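Asker: My structure is below; once you've seen it, I'll send some questions.
Residue numbers (the UniProt record's numbering), protein chains in the order written: chain A, 1 to 244; chain B, 1 to 244; chain C, 1 to 244; chain D, 1 to 244; chain E, 1 to 244; chain F, 1 to 244.
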C-alpha cells in the first residue's frame, strides 16, 4: 500500500486481501537488531502478498510490552513498549479505517508473541461493529507452521518451546534469510534459560540472562529460515483460500 | 478477608500474603456450571491460605472474553465477558487499594486462560507506581503443575494441550473434588476438537462443537482432582516461600 | 446462574428476571465483616429469585469508594474501593453481555450507598444502545422499604437517617438474619456521629470515629432483620410485577 | 476571576479561597429558564466571595445527567447532559490547574443535585495527587441550610423532600431573589409527584409530569429566597472559617 | 438558550441555528482580563443570533492548553487549561445532546486558537454517529474575516500574524467594543516577540515576555473592534445562509 | 535504532539525540504514493541523524485524521486515519519508554500537518511527568524553513500557503529528491483550490477536487527538493545545537 497512489488502492481495495504486519521494537540479544519482529512480519507479508495478489499495509513497528520470559522484558534499553490500551486503540483505528474505505478481507500477521491478546481485543471490538462488512483473520507466523518443520529445524538441539524462541534458532534463521546483513553471527551465545512458572513484579533482572537471550541461536542458518518461510507461506495461502 | 472485620484485617495485613482469586462466568459444557473457573480459583486459594497463613480477597467472578478455541467463545449464552480495558481497570484498582492499605505481598491466582494478558497489564501498571512497596506474583493454577501430574491424570486418553482443556479432564476432576454436587457426570460428552491455527472474525459457531466442549471429560475423577490440587498446592507453597 | 449450566441458562434466559447483586468490600465496624454489603445484596437477591422464578448473577463484591460520612471512607484498612470509571465499565460490560445473550429483564439490586450514581451511569449508557431490547430496574434494598418498617425497627432509639445507617441497626439486623455467625454481638459499640454538611479533602480521620461506626447497632436483632427482609421482598415482588 | 488580569490573580491566588460554581443546563418547568442551577450557583458564589475575600472561577454551565425523579430527566428538550466521565475529567482538570497555579483553598459550590457523585470523584482523584498542596471543600447550597429555614419557607405547603424540590419553592424563590426577570410567575403550576422507589430504563415519559415540574412552586417569593440566601451564606462563611 | 424555558426552546429547536461559543480562561497581558476569549466568543454569538434568529448555548469558559507562542502558555497563573481528551469529551457530549433534543443546525464559534484541533475531533466523532441528523459548522472568528479588514485595522503597525495576535490589536479592539470596562488601556505594553520555529518541553519562561504579551496592543480602539465585528458578522451570516 | 542491537543502543542512548519521525498514510493525489509523509519524515530524520550523531527511532506510519482543506480528508480510499486519543497515547507511550531507557534528548520530526496538536498534547503530558529527565523538541519540517527558500522554490507560480501545500510543489519536490521512483510525473495535475473559511460536517466531497490535489505540483523538481532539504537541515542542526 505504501508505494501506490490512492487511485491504485481504490481499484484493488475490494478484491485484495489487505495484510497488516505487526512487529515490535525489542531487544533480541547481542546478535540481532531491535527491529527483528518488524522485519519478520514484513518478510512474510510481502511474500504472501505476491502469492495471493494482496496489499501490505504499513507495518506497526511498536508492540505490546515485552515479557521477561518471552522477550527479556522492559529492563533492556531499546525495548520500546506500548501499553495494552494503546495497542488496542491503534489496531482498532487502522482496521476501522480500512473497513470504511471498503476493504472486505484483512489478514493481521503478528510476529511479536506478547501482542496477540491485545490485537484480538481490537479485532473483537471492531468486528462487533463492522462484522457484517468484513472478514478478519489473525495469526502469528508460528501458528500455521507444520509440526514437521520443527523437526527439520531442530536437528542438532531440542526445541525449547515457543515462549523461549526469542532471538533463538527460528528468529535468527528467519533474519538470516530475510535480512542477512542485520545478523552478527559471531555474537551468537550458547545458553538456555529454565522457564519460570509464575510472573513476579516488580520485574527484576535476575530472571533473564544479562544478554537478553533465552535460548541459543547456534545452528541457525538461512537455509532453515527458508524452510520455515516456505512452509508457513504455503499454509497461509491455504488459510486465505479457505477463509476469504 | 470476607468474613473478618477491618480490625482483624488490620492486624494481619502486613505479614500475610493476600490471595486474589480470578475466575469467570463462562459456559463449561453440559456437565459443568457457569462458575467453574471461580470455584476452582477459590478452591486453590482457600487451601493455599490455610497452608501459608494467607488472606483470600473476594474472588472476581467475571473475566475477559472467552475465545472460541480455549473456552467456546461469546456465542454461548451464559458466558458473560468483560472488555480488556475493564479487566485491566478492575484488577488495577483492587491491587492499588490493597497496597494503600499496607499489604506487602500479593498473589494473584487465575483460573481462566483468557484473563492472563490483561491481569499482567494491570499488575505492570500498578507495579510501575508502587513497585517499591509491594511484591506481586501472578500464576495460573496449571502453570506450576509438575509435568508428571499430566502422566498421572491422562492415563486412558492423551493430553490435548492446555488450550483445549476447557471443561475437560482437569477442570472436571477439579470440580469433582472441590464441588462434586455441581458436576452432572451423566452429561459428559466424548469428543475432541481439532485446534485451528488462526483466529477468524466475526466469530462463527462452526468452529466450536455445539455443546461448548473442546475435549472430552471422560475419565475425570475426584481422585485425579485431588492429585492435581495437592501437587499444585505444594508448588504454590514453594513459590510463596521463594518470593516473599 | 452460578450453579447451572449454559444449557439450563439458555432455556430460562428470556423469561426470567436476571438479578445482579452489587455489594462492596468495606469496613463495617468492629462487629461486622468486610463483606456485609455483598452478603445483604445476595441475601435479598436469592430470596427474591425464589419468589419470582429469577436468576441471580454472580454478585459484584467490590464497589465504589466508601465516603467518610456514609461508610467511614478510605482510611480504614480492608475497605477496597473501585474508581468511578471502573464501576461504570464493569456494570456496563455485564449488562451488555446479558442483553446480547438474550436476557430481557434485569434487576440491579444494590446494597452499598455510594455505588448508585455510577451504577445508574452504566445503566444509562447501556440503555442508550440497547433500550429497545431490555428493561432494567435499579434499586437499593432500602428504597422500597415501607415507612412503617422504620417505626417497627427503631423502637428504642431514633432513626439516624440512611447515610449514617452504616454498620448500624438495619445492616446489623440483616446480618443477624442472613449470616448470624458473621456478627460479633459483644463488639457492638454505643455512639452516634453528628453529620457534617460538607465534604473536605484530603479526607482526614478526625471526621469519623476511630471504630468506623457512624451510629450504634445496639437494639439490632435477627427478628428485626426478618421484618425488613419480608417487607422489602414484598415490595420488590410488586415492582417486578409492575415493571416486567 | 473572569474580570481580573493574570497579574491581579497572581497577587491574590495563595490567600484567597477560589470558589468554583457548578450548575447545569436543565429544564425547570414552564416558569423558569434552563440556566436556573448556574444562576443559583453563581448567585451564592459571588455573594460569598464578597464576604470572605474570595475569587469566583468561571461557572460550569453544563452538568451531569438530569434524573427523572430529581430533575425531569433527559426527555425534556433543552436539558443538555454530560456523561459521568466528562464531568469527572472537566472538574479534575480545572482543580489541577488551580493547584498548579498556586491556589491553596478551593470551595466547590454545586447547585445541581445529580452532579455531586461525579464532582466528588474528581476531587478525590485530584486530592490523591495534590492532597499535600491544597484543601478542597465541596458542598451543595442546600446542605448547610439550617433546618429551621425549611419551616420558615414552607409555611403554606409541606416540604416535599430535596429530590422533588426541582423548579419548586426553594429554587423559584432563589431565582426571584437572584434574577427576578427570568421568572414567569404566571406559569407556575400546582401539582406534586409521588416519588418512585426505583429507577427504570429505558426512561419513559410516564414517570414525570408533562411540564417537567415535580412539586409546585406556588408560595415562592423573593423574600423567601432572601431568607435562604442569608442563612446559607452565614453557614458557608462558618465552614470557610472552620476549614481554611 | 440560558434565559428561555424548555418549552420555548422546544418550539424553536428544529428551525434555529444553535450557536455554541467556546472561549478559555487564559492570561491576556496586564491590560485584559482572563475571560477575553469567552467575552469575544459570546460577543460574536449573541450578535449573530440576532441576525439569523439563532439560539446561543451557554459558552464554554475553559479551553485547551495555552501554548507559549500563541497564548503565553501554562506558566502564567490564571491560565486554566483543559487536557485535550477533556475538550473532546465536553464538546462531544454537548453536541450529542443538542442533536438528541432535535437540533438540526449547529454553529461552533471558537475564540481560542489552541482549541480548534480538539473541537474538530469532537465534531468528527459526533458526525460519524449522527451525520444524517445534523449539519455542524465550526469556525474561529478570525477565519471568515476578509483580508482588507487587516489593512483597515493595521494602519500604524504591521500585522504580526494570527499566532502572535494574542492580547494584541485585534483582541484588544474587540474587547474595547464588546466590554470596554474590562480593558485597562493605561497598562498596554509596546513590544513584539520573535516567533520560534519549534516547540520545546519542558516549557520554560524565557520563550515568552514576562508580561504574557506577544505583540503590542497599541493602536487598538473600539472603532477598529466595530470594523472587525461588522465584517465578520456579515461573513458569518453568509456562511449560515450557504450551509444551512 | 532499527538496525542496531540493544547493546549498541545502550552505549549511545544518553548522548545521542533520538529522532522520532512521524508521517501518515494519506492520499497524495494521482502522482504520489500513500506513504509521502512517512518517506519525507524519514528522509529528513536519517540525514539529520548523520549530521548530529543522532539515532532515528522507527517512524510512525499512521497519523491523525486528514482534513479536507489540508489533506483531502477521510473520503479518499487509502487515507488511514487515527483518532486523536490514539495519536496522543501512541506518541506518549513511545516517549515515555525512551525516557525510561535513559534517553535525554528527543526530537520529534513531523511531516503531516494535522498531527501537530495531538503530538504536542502527548509531549505535554509526558513532560509534566518526566520534565526533569529529558528535553523534547517538536517541529514540522516546514517550520524551520527560511523564508527565502519559498522564493527560490516558487519561481514560476505563487506559494498557495502551507495548508494547501498538500501533494503540491514542496512535497512533490521532496519526493523527487528522496524517492524519485515513487513519483509519477506524468500524472501531475494543474489546479488550485479556493480555501474555505470554515469546517463543515458531515464532510462532503464537493469541498475537495476529485483528484485529492489542493494545489498544482507543476514546476516541482528534485533540485528544488534538494534546496529545501539542505536549508531545513541546516536550521535543524542549529536548533539541535541551541537546545540540547
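The C-beta atom is built at its ideal place from N, Cα and C for all residues, glycine as well. What you are looking at is a predicted structure, and each value in this text was computed from that prediction instead of being measured.
1) Find the residues of chain B that neighbour residue 199(A), judging by a C-beta separation of less than 8 Å, and give them in chain order.
2) Tell me the start and end of each unbroken alpha helix (DSSP H) in the segment 162-234 of chain C that is at least 4 residues and wholly inside, in chain order.
3) Indicate the three-state DSSP secondary structure (helix, strand or coil) for residue 105(B) in the structure shown.
4) From residue 36(A) to residue 193(A), what does the alpha carbon distance come to, in whole angstroms?
5) Kindly indicate which three-state DSSP category residue 241(B) falls into: helix, strand or coil?
6) Excluding five sequence neighbours on each side, which residues of the same chain lie with their C-beta closer than 8 Å to the C-beta of residue 160(D)?
7) Is the Cβ-Cβ distance between residue 24(D) and residue 38(D) less than 8 Å?
8) Please list the partners that residue 239(D) has in chain C, where partner means a Cβ-to-Cβ separation under 8 Å.
9) For residue 227(C) and residue 208(D), I'd like the C-alpha separation in whole angstroms.
10) Three or more beta-carbon pairs under 8 Å between the segment 40-48 of chain E and the segment 145-160 of chain E, yes or no?
11) Can you tell me whether residue 121(B) is buried or exposed? The criterion is at least 16 other CB atoms within 10 Å of its CB, across all chains shown.
12) So which residues on chain D does residue 230(E) lean against when the C-beta distance must stay under 7 Å?
13) So residue 49(F) contacts chain E; which residues on that side make the cut at Cβ distance below 9 Å?
14) Step through the CB atoms of chain F and report whether any lies within less than 8 Å of the CB of residue 163(E).
15) Can you tell me whether residue 38(D) is helix, strand or coil according to DSSP?
16) Could you tell me whether the segment 58-68 of chain F touches the segment 133-146 of chain F, where touching means 3 or more Cβ pairs closer than 8 Å?
17) Taking Cβ-Cβ distances shorter than 8 Å, what residues in chain B pair up with residue 175(C)?
18) Just reading off the alpha helix (DSSP H) that residue 126(A) is part of, what are its end residues?
19) According to a CB-to-CB cut-off of less than 8 Å, which residues of the segment 74-89 of chain F neighbour chain A?
20) Are three or more beta carbon pairs between the segment 223-239 of chain D and the segment 65-80 of chain E nearer than 8 Å?
21) Using the C-alpha atoms, what's the distance from residue 106(F) back to residue 20(F)?
22) Got a sec: is the Cβ-Cβ distance from residue 193(F) to anything in chain E below 8 Å?
23) From residue 246(D) to residue 43(D), what does the alpha carbon distance come to, in whole angstroms?
24) Is it buried or exposed for residue 205(A), if we count other Cβ within 10 angstroms and need 16 for buried?
25) Under 6 Å Cβ to Cβ from residue 27(D), same chain only, skipping five residues before and after it: list those, please.
26) Return yes when the Cβ of residue 163(B) is within less than 8 Å of the Cβ of residue 31(B), no when it is not.
27) How is residue 138(C) classed by DSSP in three states: helix, strand or coil?
28) Have a look at residue 52(C) and residue 119(B) and give me their C-alpha separation to the nearest angstrom.
29) Apart from the five residues just before and just after residue 219(E), which ones in its own chain have a Cβ nearer than 7 Å to its Cβ?
30) Spatial neighbours of residue 56(E) within its chain, please: CB distance less than 7 Å, with the 5 preceding and 5 following residues excluded, ordered by chain position.
31) List the endpoints of the continuous beta strand (DSSP E) containing residue 276(B).
32) Given this structure, state the Cα-to-Cα distance separating residue 33(F) from residue 200(B), to the nearest angstrom.
33) For residue 186(E), count the other beta carbons within 10 Å of its own beta carbon; 16 or more makes it buried, fewer makes it exposed. Which is it?
34) Taking DSSP as the reference, what is the three-state secondary structure of residue 69(C)?
35) Which of the residues in the segment 15-32 of chain B, read from start to end, lie with their CB under 8 Å from any CB of chain C?
36) Would you identify the three-state DSSP class for residue 25(D), choosing helix, strand or coil?
Answerer: The short version:
1) 120, 123, 137, 138 and 139
2) 169-178
3) strand
4) 20 Å
5) helix
6) 168, 192, 214 and 215
7) yes
8) 197 and 198
9) 32 Å
10) no
11) buried
12) Going along chain D, no residue has its Cβ under 7 Å from residue 230(E), so there is no contact; the nearest lies around 26 Å.
13) Neighbours of residue 49(F) on chain E: none; closest Cβ ~17 Å, over 9 Å.
14) no
15) helix
16) no
17) Here the premise fails: no neighbours, minimum Cβ distance about 11 Å.
18) 116-130
19) 74, 76, 77, 78, 79, 80, 81, 82, 83, 85, 86 and 89
20) no
21) 7 Å
22) no
23) Because residue 246(D) is not part of the residues shown, which for chain D are 1 to 244, the question remains open.
24) exposed
25) 72, 76, 78, 79 and 212
26) no
27) strand
28) 37 Å
29) 156, 157 and 169
30) 1, 19, 21, 45, 46 and 49
31) Lying before the first or after the last residue shown, residue 276(B) is absent from chain B, which here runs from 1 to 244.
32) 31 Å
33) exposed
34) helix
35) 25, 27, 28, 29, 30, 31 and 32
36) strand
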